[in-house]
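**Student:**
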Amino acid sequence: MLRITVDPEKCCGAGTCVLIAPEVFDQTDDEGLAFVVCGEPGPEQADSVYEAALACPRGAITVTEQD
Amino acid sequence: MTKDAVSLEFPLTARTCPFDPPGRYAELRATAPVSRVALPSGQTAWLLTRHADVRAVLDDPRFSSDMSRPGFPHLYPKPVEPVLKGTFIRMDGEEHAHYRRMLTGLFSVKRIEAMRPFVEQVVEDCLDRMAAHGAPADIVRELAYPVPSRVICGLLGVPHEDHATFGGYLNTLFDGSSDQEQFAAAKAGLSTYLDALISEKEKAPEDDLISVLVEQQYKPGRLSRQELVTISWMLLAAGHETTAHMIGLGALTLMENPDQLAEATRGPAAMADAVEELLRHQTVMQLGMTRVAVADAEIGGTLIRAGEGVIALLSLANRDPDVFPDPDTVDVTRGARHHVAFGFGPHQCLGHSLARLELAVVFDRLFRRFPGIRPTVPVADIRFRYDAIVYGVAELPVEW
Ligand code: HEM
Ligand code: HEM
Ligand code: SF4
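Just so you know, the protein sequences line up as chains Y and B, in that order.
All letters in the first sequence, in the order written, are residues 1 to 67 by our numbering.
All letters in the second sequence, in the order written, are residues 1 to 400 by our numbering.
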């Protein structure tokens, strides 16, 4: 299973992760900071979660695998 | 070769293939990915061509965007002016974040997605006009310039009846053929217009970006009027030409690669992937991003000293074979979103969701409406903007 976190200190709020994995990430209305809506997504989300972590311009997304 | 020997004069403008960056850059990436280049201003700078190095520098606080700092790599000699308050693209750290945070909520994926029906309407209107004009028509004139211009109008809250006036100013500013007098008049006209628009929104706020900034930031005194005008200017400067030339180049790339076009038009998900591939392959910010080191930093094994300039060449990072297999081939099914067409780090494009939305709607509607559309001339006869800051096609005559 995947565990996902976003570091709000790093996030610069333009929502690349939300575009790539909308089921997993969302943004706050005021400053657009990303947060995780689905912290333990299923395997079908894995590709887009890893792509979001790779594309994040601040390296703010951490993905770890757990069983 | 000593480390400080100059490898080439930057920028190169001659291309062998108009769809590929100048070949010498790729040779450098293979042999000397961090190398010293001479600029027309007389300065030298480090040119970065690898994906990893470009990303490292753009997300490193030891590299500054402040153009007024000594050592900042300017392309052309010009008097160094202090960065205007509000021009956060040229600021660092907390000062940059202070302004950017006022806008990020306004560019959230949700808010931009809510603009979709408006963007679709704008695109359909432009296509109606193109159909009425009849073939041959110039895609740059009919679609590439008017769509981003009218979308920015919608974003800022310029009322519909003023779109033509507003678009006229933008055309004069960004069309290389206007003389200095016309340019100055358009600049003054647009500044006056923006100021009046702010006054309108003060009286009768709506849901647009300027209204929200007026209510949330200007009225409580967190943003001055001058800063608000500057920020509006910046959005125009950043969102107009970039998107316009991605539309022109993207449409041409698809028309020249019919198999890719067929793949791209299979459905919304395929089109979203195609837009990413076009952004990667045709990185329109062809001169890259400039920064100056404020502390010594090692990048890609090379020591860059405080006060030295760097140019992070986005177009080459996006063709790095270590990251994108077979990088020169257009493959709209690649699905890679970790390209740097929108930059990287804290300055990564604020308007990327809007640009992506515009591109997807434009290509979808264009090829649905005119399935047999094609250039009227061979690629060899198309005028490309080899020496512009934003690469693109100067005109793109098509028939259908
Ligand atoms: C395909 C179209 C576009 C491309 C290729 C593009 C590219 C870029 C790039 C490379 C940067 C980084 C600049 C730097 O690091 O110094 C940037 C920043 C920016 N872009 Fe875009 N852009 C596009 C469309 C837009 C649109 C439509 C808007 C808004 C209406 C916009 C607004 C901005 C702003 C405000 C910044 C400055 C962000 C900051 O400094 O924090 N861009 N863009
Ligand atoms: C209000 C906003 C902006 C202002 C006032 C501004 C101002 C300038 C100026 C004065 C130059 C000439 C630099 C020199 O001395 O060599 C320049 C160049 C350039 N600008 Fe901007 N710019 C703005 C927005 C943007 C945006 C949004 C982008 C990226 C999407 C961008 C990318 C570039 C690039 C790539 C160059 C050429 C490389 C360089 O000389 O630094 N600019 N800009
Ligand atoms: S991609 Fe990264 S920086 Fe951008 S909103 Fe998501 S977490 Fe924040």
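Just so it is clear, CB atoms sit at the ideal spot from N, CA and C, and this is done for glycine as well.
Taking 9 Å as the cut-off, decide whether the C-beta atoms of Glu277/B and Asp322/B are in contact.
**Tutor:** Here residue 277/B corresponds to residue number 277 of the second sequence, with the count starting at 1. Here residue 322/B corresponds to residue number 322 of the second sequence, with the count starting at 1. Not in contact: Glu277/B and Asp322/B (Cβ atoms no closer than 9 Å).
**Student:** Is there at least one Cβ from chain Y nearer than 9 Å to Gln217/B's Cβ?
**Tutor:** For the purposes of this step, residue 217/B is taken as the residue at position 217 of the second sequence. No, no contact with chain Y.
**Student:** Taking Phe324/B as the query, report the chain Y residues whose CB atoms sit under 8 Å from its CB, ordered along the chain.
**Tutor:** Translated into positions along the second sequence, residue 324/B becomes position 324. Those within 8 Å of Phe324/B in chain Y number zero; the least Cβ separation is about 12 Å.
**Student:** Quick check on the burial criterion: 16 or more other C-beta atoms within 10 angstroms. Buried or exposed for Pro79/B?
**Tutor:** The residue you call residue 79/B lines up with position 79 of the second sequence. Burial call: exposed.
**Student:** I want to see whether chain Y comes within less than 9 Å of Arg222/B, judged by CB atoms only; does it?
**Tutor:** Working through the second sequence from its first residue, we reach residue 222/B at position 222. No, its Cβ sits nowhere closer than 9 Å to a Cβ of chain Y.
**Student:** Relative to the C-alpha of Pro117/B, which residue among Glu358/B, Ala185/B, Asp387/B is closest?
**Tutor:** Taking the first residue of the second sequence as position 1, residue 117/B is located at position 117. Ranking the options by Cα distance to Pro117/B, first place goes to Glu358/B.
**Student:** Can you check whether the C-beta of Leu252/B is within less than 9 Å of a C-beta belonging to chain Y?
**Tutor:** Counting from 1 along the second sequence, the entry for residue 252/B is found at position 252. No, Leu252/B does not count as interfacial toward chain Y.
**Student:** Taking a cut-off of 5 Å, which residues have a beta-carbon closer than that to any heavy atom of ligand 1, in chain order?
**Tutor:** Listed along the chain, these residues meet the criterion: Ile89/B, Arg100/B, Leu235/B, Ala238/B, Gly239/B, Thr242/B, Thr243/B, Met246/B, Met285/B, Met289/B, Phe342/B, Gly343/B, His347/B, Cys349/B, Leu350/B, Gly351/B, Leu354/B, Ala355/B.
**Student:** Can you find at least 3 beta carbon pairs, one from the region 237-251 of chain B and one from the region 383-394 of chain B, that sit closer than 8 Å?
**Tutor:** At 8 Å Cβ cutoff, the stretches touch.
**Student:** From the DSSP output, in three-state form, read off Thr242/B for me.
**Tutor:** Start at 1 with the first residue of the second sequence, and residue 242/B comes out as number 242. Of the three classes helix, strand and coil, the one that applies to Thr242/B here is helix, per DSSP.
**Student:** When you compare only the Cα positions, how much space is there between Leu209/B and Leu155/B?
**Tutor:** Taking the first residue of the second sequence as position 1, residue 209/B is located at position 209. Taking the first residue of the second sequence as position 1, residue 155/B is located at position 155. If I take the Cα positions, the gap works out to 6 Å.
**Student:** Helix, strand or coil for Phe174/B per DSSP?
**Tutor:** Your numbering for residue 174/B matches position 174 in the second sequence. Phe174/B: helix per DSSP, three-state reduction.
**Student:** Compare the C-beta of Cys38/Y against all C-beta atoms of chain B and say whether one is closer than 9 Å.
**Tutor:** Taking the first sequence and counting its residues from 1, one reaches residue 38/Y at position 38. No, no contact with chain B.
**Student:** For Asp138/B, list the residues DSSP reports as bridge partners.
**Tutor:** The count along the second sequence starts at 1 and reaches residue 138/B at position 138. Answer by DSSP bridge pairing, in chain order: Pro397/B.
**Student:** Check the DSSP bridge columns for Gln27/Y and list the partner residues they point to.
**Tutor:** Here residue 27/Y corresponds to residue number 27 of the first sequence, with the count starting at 1. Beta-bridge pairing links Gln27/Y to Ala34/Y.
**Student:** If the cut is a Cβ gap below 8 Å, which residues of chain B does Ile20/Y touch?
**Tutor:** Along the first sequence, read from residue 1 onward, the residue named residue 20/Y stands at position 20. Within chain B, the residues near Ile20/Y are Arg337.
**Student:** Asp402/B and Gly300/B: beta carbons closer than 9 Å?
**Tutor:** In the structure displayed, chain B extends from 1 to 400; residue 402/B sits before or after that span and is not available.
**Student:** Determine the direct distance from the alpha carbon of Ala312/B to that of Thr16/Y, and round the result to whole angstroms.
**Tutor:** Numbered from 1 along the first sequence, position 16 holds the residue referred to as residue 16/Y. Numbered from 1 along the second sequence, position 312 holds the residue referred to as residue 312/B. Whole-angstrom Cα-Cα distance: 21 Å.
**Student:** Go through its chain and collect everything with a Cβ distance to Glu263/B's Cβ below 8 Å, but skip five positions before and after it.
**Tutor:** The residue given as residue 263/B occupies position 263 in the second sequence. If we look at Glu263/B and ignore the five residues flanking it on each side, its Cβ neighbours are Ala270, Ala274, Val332, Thr333.
**Student:** Residues of chain Y with CB under 8 Å from Val109/B, in chain order?
**Tutor:** Counting from 1 along the second sequence, the entry for residue 109/B is found at position 109. Result: Gly15, Val18, Leu19, Pro22, Gln27.
**Student:** Run through the region 166-229 of chain B for me and flag every whole alpha helix (DSSP H) of 4 or more residues, listed as ranges in chain order.
**Tutor:** You should have 180-203, 209-213.
**Student:** Distance cutoff 9 Å, beta carbons only. Does Asp30/Y sit that close to anything in chain B?
**Tutor:** Here the question's residue 30/Y lines up with position 30 in the first sequence. Answer yes: the Cβ-Cβ gap between Asp30/Y and chain B drops below 9 Å somewhere.
**Student:** Checking contacts by CB at 9 Å: is Leu2/Y closer than that to chain B?
**Tutor:** Residue mapping note: residue 2/Y aligns to position 2 of the first sequence, counting from 1. Output row for Leu2/Y: interface = no.
**Student:** Measuring only the C-alpha atoms, how far is Met255/B from Arg385/B?
**Tutor:** As a working note, residue 255/B is residue 255 in the second sequence. As a working note, residue 385/B is residue 385 in the second sequence. The alpha-carbon atoms of Met255/B and Arg385/B are separated by roughly 19 Å.
**Student:** I'd like to know whether the C-beta of Cys349/B is nearer than 9 Å to at least one C-beta of chain Y.
**Tutor:** For the purposes of this step, residue 349/B is taken as residue 349 along the second sequence, with counting starting at 1. Yes, Cys349/B lies at the interface with chain Y (some Cβ there is under 9 Å from its Cβ).
**Student:** Counting only beta-carbon separations shorter than 9 Å, does Gly42/Y have a partner in chain B?
**Tutor:** Along the first sequence, one-based indexing puts residue 42/Y at 42. Chain B, which has no Cβ nearer than 9 Å to the Cβ of Gly42/Y, makes this no.
**Student:** CB Ala52/Y to CB Phe107/B, shorter than 9 Å?
**Tutor:** For the purposes of this step, residue 52/Y is identified with residue 52 of the first sequence, where counting begins at 1. For the purposes of this step, residue 107/B is identified with residue 107 of the second sequence, where counting begins at 1. Result no, Cβ atoms of Ala52/Y and Phe107/B do not sit closer than 9 Å.
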